[in-house]
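Here the structure comes first, spelled out in structure tokens, and everything after it is commentary.
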Amino acid sequence: MSGSLYVVSTPIGNLDDITRRALAVLGEVSWIAAEDTRHSQNLLGHVGVSTRLISYHDHNEAQRTPELVSRLREGDSGALISDAGTPLVSDPGFRLVRACQDAGVPVVPVPGASALLAALAVAGQPSDRFQFEGFLPAKGAARERALERLAGSDATTLIYEAPHRVLSLLEALAPKVTAERELTLCRELTKRFETVRRGPVPEILEWVRGDKDQQRGELVLVLSPAVRGEVLDERDRALARALLEELPLSRAARVLAAHTGLKRQALYTYLEAINS
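If you use our numbering, the sequence shown corresponds to residues -13 to 262, in order.
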């Protein structure tokens, strides 16, 4: 009989958020595969678990996966954790879970903390339908395409972003959405300096630009859905920028409304935002 792989969620900040079931599993398995063993050792030490840690991260995932599957097939049970939160959410582990399933090894979820769901719960944005973009590409055409996709999405969108890139992300996003489009910035959730603030994208941009503290720590951004019928595609956004170079705002909005069939006032607000 093979062992089982337990996919165990761990706290995203507050260590008291670990579940009783997670504690029991981590204490009973033969080994724990962890992204950063030094970081995870701090957690295990805090909760009194002495199970052996095995390094498992992006750079050794392909090499380590067959070894761990072999251990499981021989009867060991193991756990997979990430540095914080739920494994596989923008973290390594997909290969191991898939390999275990292919080998007939049971994969058992042990749910718990998740920065993604914690942010969605407190964002004040529609939550009946949402999508997760993870970390956007850092630069170039791929990043631009991702931003265009966000601007046109009619579902609430959650994004992870590195603190040193959050300001540039907001600066790039603001011209692509209407001025009323909202964004909730969730920073350092469950930690000492936890911050949650919701507002129009330009307002959040100015707040982050003026407060360096908001450019630190772990960040989740929650963007409200685009309003159906008020979304410009990439070609029409290029036309909008060209019109602004030649015409006053009100005239540009009237021409764009005639071209697209969208409401002039909504287009005026959009043009005002990208012209500021």
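For every residue, glycine included, the Cβ atom is placed at its ideal position computed from N, Cα and C.
Since the model is a prediction, treat every value here as computed from it, not as a measurement.
{"Item": "First through last residue of the alpha helix (DSSP H) which encompasses Val75", "Value": "Note, Val75: premise wrong, no alpha helix (DSSP H); not H, not E."}
{"Item": "Neighbour-count burial assignment, Val94, 16 or more Cβ in a 10 Å radius", "Value": "exposed"}
{"Item": "Close Cβ partners of Arg151 (< 6 Å) along its chain, the five nearest in sequence each way excluded", "Value": "none"}
{"Item": "8 Å Cβ shell around Asn0 - same chain, five flanking residues per side excluded", "Value": "Thr176 and Lys177"}
{"Item": "8 Å CB neighbourhood of Ser76 in its chain, flanking five on each side removed", "Value": "Gly120, Phe121 and Tyr146"}
{"Item": "Beta-bridge pairing of Gln117 - partner residues as DSSP gives them", "Value": "Thr143"}
{"Item": "Residue span of the alpha helix (DSSP H) that contains Leu29, given as start and end", "Value": "Thr23 to Val33"}
{"Item": "Through-space distance from Cys86 to Leu9, alpha-carbon basis", "Value": "23 Å"}
{"Item": "Where Arg178 sits in the DSSP three-state scheme", "Value": "coil"}
{"Item": "Residues near Val194 by beta carbon distance below 8 Å, same chain, minus five either side", "Value": "Val152, Leu153, Leu156, Leu171, Gln200 and Gln201"}
{"Item": "Cβ contact (3+ pairs, closer than 8 Å) linking the stretch 53 to 69 and the stretch -13 to 4", "Value": "yes"}
{"Item": "Coil, strand or helix - Val263 by DSSP", "Value": "Outside the shown range of the chain, which is -13 to 262, sits residue 263, and nothing can be said about it."}
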